[in-house]
Amino acid sequence: MRSEVSPQTDANLAALIRMALREDLGRAGDLTTRHFLPPRARLRGAIVAKQAGVVCGLDVVRQVCAAVSPRIRFKAAAKDGARVAPLQVVALLEGPPALLTAERTALNFLQRLSGVATMTRAFVDLARGTRARILDTRKTVPGWRALDKYAVRCGGGENHRFGLYDMVMLKDNHLAPGPELVDATRRFRRRRPGVPVLVEAKTAAEVELALACRPDILLLDNVPLARLKAAIARVRARAPRVRVEVSGGVRLDTVRAIARAGPDRISVGALTHSAPAMDFSLEIDPASPDGRAEGSA
């Protein structure tokens with residue numbers, strides 16, 4: 425797994441920042457800042473959390489600021505993965521009026537990534553004390569996968585496969601259950617040793633077939649909670665080295681019960697497709713020239 429990918433190593437990030445700035449600036453640029461602030465003004469400001477959560481994306485903010493103007497000075501006042509309180513300062517900024525040009529794009533990245541990290545931490549906290557680890561899925565914003573998965577790690581979760589290229593995941597849409605699935609899995613093992621294989625199962629019969637494939641991971645997808653513990657016990661008895669993953673119907677109000685059923689892994693699509701943004705604002709020091717109090721629209 426490419427767990428080392430971060431805002432410092434994500435090859436897509438520079439392109440994402442350029443695209444985000446381009447759609448914000450268009451051809452005319454920042455009309456408000458250009459025409460209503462003295463070009464030599466020096467602004468000082470702080471990025472402030474407006475709610476409790478887990479901050480993530482501070483280095484992305486730094487890179488956005490650098491892309492807008494090398495004269496913007498950025499200093500992080502927190503670390504990615506840290507819990508922050510309402511009104512806590514997470515970064516300090518100083519520079520020319522272009523600081524305001526960078527504001528919205530920088531905050532958009534920060535609020536999205538911090539929202540994912542905060543949502544992940546909520547799930548992780550609810551699973552604490554069990555053997556279950558919380559994992560993400562591939563249900564990420566196109567182009568944002570490395571960033572979304574980085575945010576999951578900042579929230580205390582773990583990454584599932586990054587793409588179709590680093591794990592085999594046999595679900596119902598690939599092959600009809602039957603002996604051909606077992607044979608195909610054996611052929612793949614000979615051709616590509618070392619690549620993890622996950623097989624999905626929803627019924628007791630499918631569990632038996634999946635185990636015949638000798639998978640690294642057996643995925644119990646949308647198995648009702650009333651049957652989940654027995655299904656996991658069946659896998660443990662037959663193949664104790666196979667890791668058990670659970671997915672489907674995993675919410676904040678169900679994850680604790682699912683974790684207590686005994687899986688090794690719980691994959692949660694909501695970490696990246698349903699996380700609400702965390703609210704931040706850029707507060708400009710009113711003592712700096714042409715200062716103001718609130719973030720821009």
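Residues 425 to 721 (my numbering) make up the sequence shown, in order.
The beta carbon of each residue, even a glycine, is placed where N, CA and C say it ideally should be.
All values reported here derive from a predicted model rather than from experimental measurement.
If I measure Cβ to Cβ from residue 611 and keep anything under 8 Å in the same chain, skipping five residues before and after, which residues do I get? none
Given that a residue counts as buried once 16 or more other Cβ atoms are within 10 Å of its Cβ, and exposed if not, what is residue 572? Buried: at least 16 other Cβ atoms inside 10 Å.
If you draw a straight line from the alpha carbon of residue 450 to that of residue 614, how long is it in whole angstroms? 53 Å
Measure the C-alpha to C-alpha separation of residue 513 and residue 688 and round it to an integer number of angstroms. 37 Å
Could you give the DSSP three-state label for residue 704: helix, strand or coil? It is a strand residue.
Are the CB atoms of residue 485 and residue 534 nearer to each other than 7 Å? yes
Taking just the CA atoms, how far does residue 659 sit from residue 666? So the alpha carbons of these two residues sit roughly 7 Å apart.
Check whether the Cβ of residue 659 lies closer than 6 Å to any heavy atom of the ligand SAM, and answer yes or no. The model depicted lacks the ligand SAM and carries no ligand whatsoever.
Just confirm the distance between the C-beta atoms of residue 546 and residue 683, as a whole number of angstroms; I'd bet it's less than 8 Å. In fact, because the Cβ distance is near 13 Å, the residues do not count as touching under 8 Å.
Measuring only between beta-carbons, confirm whether residue 449 sits less than 7 Å from chain B. Structure shown: chain B not included; a single protein chain is present.
What first and last residue would you give for the beta strand (DSSP E) that runs through residue 515? 513-519
Top-ranked residue by Cα proximity to residue 563, from 703, 702, 697 and 622: Ranked by how close their Cα comes to the Cα of residue 563, the residues 703, 702, 697 and 622 have 697 in first place.
What does residue 577 pair with, by DSSP beta-bridge criteria? DSSP, once it has assigned bridges, lists no residue as partnering residue 577.
Check for me: the alpha helix (DSSP H) holding residue 447 runs from which residue to which? Counting along the chain, the unbroken alpha helix (DSSP H) around residue 447 starts and ends at 437-449.
At what residues does the beta strand (DSSP E) containing residue 495 begin and finish? Residue 495 -> no beta strand (DSSP E), and no H or E assigned at all.
Report yes if the C-beta distance between residue 448 and residue 482 is below 7 Å; otherwise report no. No, the pair does not count as a contact, with Cβ atoms beyond the cut-off.
Going by DSSP, what residue range makes up the beta strand (DSSP E) through residue 624? 621-625
Span of the alpha helix (DSSP H) around residue 509: Premise fails: residue 509 is in no alpha helix (DSSP H) and is neither H nor E.
Which word fits residue 426, buried or exposed, when buried means at least 16 other C-beta atoms lie within 10 angstroms of its C-beta? Below a pLDDT of 50, predicted positions are generally treated as unreliable, and residue 426, at 48, falls in that range; the measurement from the model is reported next regardless. For residue 426, the number of other beta carbons within 10 angstroms of its own is below 16, and it is reported as exposed.
Let me check one thing: in DSSP terms, what residues is residue 685 bridge-paired to? Its beta-bridge partners do not exist; DSSP assigns none.
In chain order, what residues of the same chain lie with their CB nearer than 8 Å to the CB of residue 675, ignoring the 5 residues before and after it? Cβ-Cβ distances below 8 Å link residue 675 to 694 in the same chain, with the five nearest sequence neighbours on each side left out; the list follows chain order.
Over the uninterrupted beta strand (DSSP E) stretch that includes residue 727, give me the two end residues. Here the chain covers residues 425 to 721 and nothing more, so residue 727 does not appear.
Hey, would you say residue 640 sits closer than 7 Å to residue 617, going by beta carbons? For residue 640 and residue 617, no; Cβs fall outside 7 Å.
Below 7 Å between beta carbons: does that hold for residue 579 and residue 701? no
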